[in-house]
Structure formats: structure tokens, C-alpha cells
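In this note's numbering, the protein residues as written are 9 to 685. Presented below is the structure to which this report refers.
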């Protein structure tokens, strides 16, 4: 049986009513010819009444039909919404199922993008990821957008006014631009016009701990404002993207830790074997050495027998030294721990190191003055120094230089994640740098293995770096090696600072000039979002007598400055912070404190310091991790105009830092425009 629509029913009823009224009129016309002349008026009135009744009944019927049609539309709309909701839920569950697998991040992000585009027909979705520096967004997934547009937005800078995505990442909140044409965030951004994009809604993507991971954007080719359902979808999709990114990065971190664990277990196993062999070998060497000494006592001096016995004894002693290295690598050697000044150990051992290396190699010492004390075995530390110097010498062809550096620093949680052995806290740095041939990735993976060597046959035992590794591990430290073929090598050794060194850390070494004025009359506003760095810097300043206002965020710094009755003498601030940058905070503080000097502190030194030598002199600031001497020297220079030691460049002023941030984080060059979305 066929079902008619409301419109068809109206048409059929209208036709039926017209036919009925025509029939009534026809019937009365036929009857009129058979009646008397006095009755036409009555018949006309009757026809009129009948037609009116038919019209009224028709209107009532049409009214019910209209109501029925409206009800049908509501039901159909609800059914459509229900179907869309079911489709969205199926797509969301499909994306979640994919996230639970070991799929690559690119595929997972593509699934999230497809989920959004399926739920919003006609939309074009894009996901951008925060890069390692935390200052830029990189392409993640946007299969429906033109390749030229994806290339244009890859690497955009995070900042207010940098398109919808750059602004959303900076503000850490949703940014909706209904029409790109007149909006200042998109002013003069030609790639969006070329791609035919007219609206963009951007949602920041976060990890479960609140870390910014990227942004998710929805574009349309016509101006469009989002509805409540659209915003809910945007939030849900960003949450899915956050789960996917976090899962993949957690897997990557787990793989790195597993590889480190396998390498450590491998070295530990080889070390146990080497130590066992060395122990047995020592038992064999003992009678050889003793009997050789006894024979030397009774052999005539200068005789052939004496020379042979001396050669035998010398070879036995060299073998004994080799077993000591094996025992050290296997952590089987007895250590004599003492509180040592690392600088004094290096200085007193300097002549031996100079005599060991070739004459055309220069050894430079950059020793940080002050309290650099560790609990260590002096003989073992000297063995580390000698092995690393010899390793650096062998890497240098012809003339070259070796730099030995010390420092006192703080290792934070980020360093701990990269080097799980090193817990956050105070450490002493011992670094060796050379300008030799460098090492390949394969060499770096095997360099600590006993008897592994890249030298030709007959040169080296392959135990030098293995011994260094064993000694440092035995002392509770860790090693970070950076090397590339043709670019030299840097060994950075981190040894736990002795508890006995904590007190001297809070006293000014002789290299720091004492302030001519009473430091208690000076107020320093310290702004740092890292709790460990903030507490150490505050304690350090307080130990020198300064009055310290401590703020964990720029907004808190502004509150403290507003409430402060006394003059603030110095602002010491981090550069990259969640709410605003250091230069932006300084701009706001200048309104109330126009003559306020500023010292910028940043952990992004490698990304902010230019490689050009001339710019580098202009762009030096206090980089993390910093030593006590570096920090207080900068404070003295800013407050009392005490010049830093020879060779230390001046800190940045505000304009230089702001210009440097613009240059290094992607300010537009004259010949092309910066991507902004």
C-alpha cells in the first residue's frame, strides 16, 4: 500500500473539494430549470452556505495536515540527529580502537581527522604538533587540505595573532574565526586565500597532565560559525588526538628505556665476566711478579739474565694494570672514598696529562671556582682523567685541543627522563671536549663495551672508555656523550655533589666581588616556573642577603609588583613561560617600574643563541643549567655594574632579547612572509 506525503494529500483534497463544489453548483443549476421563478434566491443562498461549509471543513483539514507535516519534520530531524550521533559514536569508537593498537602516529592522527570530517560534511580538518623547542607547530595530519597549504603552515610560531592555531596554542584555549578575510589573525595570509579557506576553528590538544601537544583545526570554504554540537565535536576530537599522541610518545619513551636497560644489562654482564677473569688472572700473575723480584735480587746487574727477568717483570706489571681496569669496570675494586675538590684533583694531575699527550695538542682548563666537591676515590678519578685525555688524543689527527671543564649545576626532571640513572638534584660537571674526528652512531652504541676499539691492531686495549663507564657508575654518576663524525666529541660527566659541599655552595667564592652596598636593601623579583630552579635561585639570593620576591608565573609576578611598596631593583626571569614570555612580562612591569633592569634566564640557549659569531657576542644571556659563579656574577653586574671575568660577554638587554626571540623563533624575513595560522 502506497503512503502519500502531506503535500500530496493536500493536492488531492484540493482537487476533490473543487470537484465537489462544481458538482453542487451543477446540481442546483439543473434543479433551477425545473422550479418556479420564486425559488432561485433561496437556492443561491443554499449553494453559498454549502460552499462556505466545504471551505471551512477544508481549512480545518489542511490545518491538521500542516500540524502533521510539522510533526513529521521534527521526527525526521530527531532521527537524523540520532543517526549522526550514532555515526559519530561509531567513528569515535573506531578511532579509540585504533589508538589501542600499535599503529603509527601518522595513521592515528589521520583517523582522528577522518572522524571529524565524517561528522562535519564539507569540513577540512588539520592537526599540528608542538616541536621539541615548544615554540613552533609542525605538520601532523591534514589529508584533505592542499599540500601547498600544509607546507606553508608547517613550522608556524606559537604566539598571539599567529593565525587560529598559533594563537590557540599560545592562549591554551579555543580560538574561533568565523570569517578569515577581515580577521587580524589572518591578515595578509595568502596561502589561506589560495586554498579557498574562509573559516577556521582551532582547539588546543593537551596530554592528561596538561602538557600542550598541538592543535586541532576545522576549516570551511565559506564563512561559518560553530554550533554547540560542533564545539562538542571539536573538544572530543582534540581529546582523542591527545590520547593518540600521548600513547605513541609513551611507547617511544618505553622503547628508549628498554634499549638503555638492555645496553646496561649487556655491559653489566660483560663486566661481571671481565671481573671474574681479572680475579683469576691476578692469582696467576702474583707468583710471576714475586718470583721475578726474587730472581732480580740474585741476578748480576747488567747480565742478559737480568734484562730478561726485568722484561718479564715489566710485562707482568702491565698485565696487573690491565686486570685493575677490568676490576674497575666490573665494580669489584675496593674504593677509598674521600671528600675531594674536583678542581684540585684536575690541577694537580695537569702535568701528568700534559706529559702524556703529544706536544702538538693543547690542554685547556675551564675550572669553575668555588665549591666543587664530590665523594670519590682519587685514584679512580685520575684514571678517568687519563683515559679520557688519551681517548681525545687518539681522536685528533695532527694538532688540536682538549678542553677540560667543571661546573656546579642542577639537573631537573627533564634530564632525569632522558637519563633515568641521574636523579634530579645537585651535581658536579666534569666535561671533556676535543676537536677530533668524532664518532659515528654505531661507535657510540658500542663504545663502553670492553675490548671494543676502532684503533688499528696493536693500539689500545679497548678498555679505556669501559673503565670510565665503570668508575662513573660506581660513583653514582652518569655520562652524556655528544659526537658527530668530523665535529669532535664532548663527554659530560655528572657526579652527585657531596652533602658536605652544600654549605659552601651558598657562600660567594673569591671570584665574586662583594657588593659595595648592603645587599639587604636590594629587592629582586624572581620569576621561574620550574620549582627546583626557583627554590635554588631564591635560596642562593637570600644567602647573599638579598630580599627576594618569588613568583611561579608571570601573573603572580605582576601581582607581587603591584602590591610591593618598595622599589624593585632587578627582575630575574625565565624567557619561555606558559602565560607570556620574559620580554612581554618586562614590558608590563615597565609601566610601574620604568627603570627596572632585567636578567633573562633560559634553558633554550641552544635554540636562542645565534651561530653567527658577531651576533653571538650581542646575544649572550644566562643559560640553564648555570653555576653559582655565573648566576651571582650576572646579579652583581646588573645591580652594581661589576664587570664579568675576562672573556665573559655581557647579558642581554630587553630589546636584544626581544629581537633575539623574534629572530630565532621565526620573525618574517624581508623576502617572504611568516606562516601564521
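Cβ atoms here follow ideal geometry from the backbone N, Cα and C, with glycine treated the same way. Here the structure is a predicted model, which means the values were calculated and not measured.
### Message
By the three-class DSSP mapping on this structure, what secondary structure does residue 581 have?
### Response
strand
### Message
Please state whether the Cβ-Cβ distance between residue 132 and residue 146 is less than 7 Å.
### Response
no
### Message
So the candidates are 400, 202, 325, 371; which of them puts its Cα closest to the Cα of residue 289?
### Response
325
### Task
State yes or no: is the C-beta of residue 446 within less than 7 Å of the C-beta of residue 401?
no
### Query
On the three-state DSSP scale, how would you describe residue 445?
coil
### Query
When DSSP builds the beta bridges, which residues end up paired with residue 211?
224
#### Entry: C-alpha distance - residue 385 paired with residue 346, whole-angstrom precision
6 Å
### Message
Can you check which of these residues, 24, 212, 316, 238, is closest to residue 300 by C-alpha distance?
### Response
316
#### Entry: Counterpart residues of residue 345 in DSSP-defined beta bridges
385
#### Entry: Closest Cα partner of residue 491 within the set 403, 550, 531
403
### Query
On the premise that residue 500 lies in contact with residue 434, defined as a C-beta separation below 8 Å, what is that separation, rounded to the nearest angstrom?
In fact, because the Cβ distance is near 16 Å, the residues do not count as touching under 8 Å.
### Query
So, are the CB atoms of residue 436 and residue 549 less than 7 Å apart?
no
### Task
Specify the secondary structure class of residue 134 as computed by DSSP and reduced to three states.
strand
### Query
What whole-angstrom Cβ distance do residue 1 and residue 243 have, given they're in contact under 8 Å?
For residue 1 there is no data in the structure shown, the boundaries of the chain being 9 and 685.
### Query
If we ignore side chains and look at the alpha-carbon of each, how far apart do residue 353 and residue 561 end up?
42 Å
### Query
So does the segment 479–493 actually touch the segment 356–371, counting three or more Cβ pairs closer than 8 Å?
no
### Query
Closest by CA to residue 234, which one among 182, 201, 257?
182
#### Entry: Close-in-space but distant-in-sequence residues of the same chain around residue 487 (CB under 8 Å, 5 per side omitted)
476, 477, 480, 499, 500, 501, 502
### Query
Taking the alpha helix (DSSP H) that residue 591 falls in, what are its first and last residues?
590–598
### Query
Taking residue 172 as the reference, which of 159, 192, 160 has the closest Cα?
192
### Query
Within this structure, are the beta carbons of residue 124 and residue 245 separated by less than 7 Å?
yes
### Query
Under the rule that 16 or more other beta-carbon atoms within 10 Å means buried, what is residue 395, buried or exposed?
buried
### Message
So, with DSSP's three-state summary, where would you put residue 79?
### Response
helix
### Query
Tell me the DSSP bridge mates of residue 497?
442, 491
### Query
For residue 201, which of helix, strand or coil comes out of DSSP?
helix
#### Entry: Where the beta strand (DSSP E) containing residue 413 begins and where it ends
408–419
### Query
What separation, rounded to the nearest whole angstrom, lies between the Cα atoms of residue 27 and residue 66?
13 Å
### Where residue 229 falls: helix, strand or coil (DSSP)
coil
### Query
Taking all protein chains shown into account, do 16 or more other C-beta atoms lie within 10 angstroms of the C-beta of residue 399, making it buried, or fewer, making it exposed?
buried
### Beta carbon of residue 221 nearer than 7 Å to that of residue 250
yes
### N- and C-terminal bounds of the alpha helix (DSSP H) containing residue 478
472–482
### Message
Do residue 135 and residue 69 have their beta-carbon atoms positioned less than 7 Å apart in this structure?
### Response
no
### Query
For residue 608, which option in 551, 412, 532, 187 has the closest C-alpha, if you only look at C-alpha atoms?
532
### Query
Per DSSP, what kind of secondary structure is residue 365 in: helix, strand or coil?
coil
### Message
From the DSSP secondary-structure annotation, give me the bridge partner or partners of residue 157.
### Response
DSSP, once it has assigned bridges, lists no residue as partnering residue 157.
### Task
Let me know if residue 75 comes out buried or exposed under the rule of 16 or more other beta-carbons within 10 Å of its beta-carbon.
exposed
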